[in-house]
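Beneath this line is the structure, given in C-alpha cells, with notes to follow.
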Amino acid sequence: MIQAVSDLNRSVEEGEQAKGAIHFISGPSEWT
C-alpha cells in the first residue's frame with residue numbers, strides 16, 4: 010500500500026514537471 014502511494018506520488022510529480030516543461034516551451038509561441 011505504501012509503495013503504491015509512493016509510486017503514484019512520483020507519477021504525479023513527473024506529470025506536473027512534464028506539463029510545466031510543455032507550458033514553458035509552448036508559452037512564448039502562444040503569445041506571439
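Residues in the sequence shown are numbered from 10 upward in steps of one, following the numbering used here. Think of the CB as a built atom: it goes at the ideal place given N, C-alpha and C, for glycine as much as any other residue. Note that the structure is predicted; figures quoted are calculated from it, not measured.
Non-local C-beta neighbours of G29 in its own chain, meaning closer than 6 Å and more than five positions away in sequence, are absent. It is roughly 10 Å from the alpha-carbon of G24 to the alpha-carbon of N18.
Taken atom to atom, the span from the alpha-carbon of S20 to that of M10 is near 15 Å.
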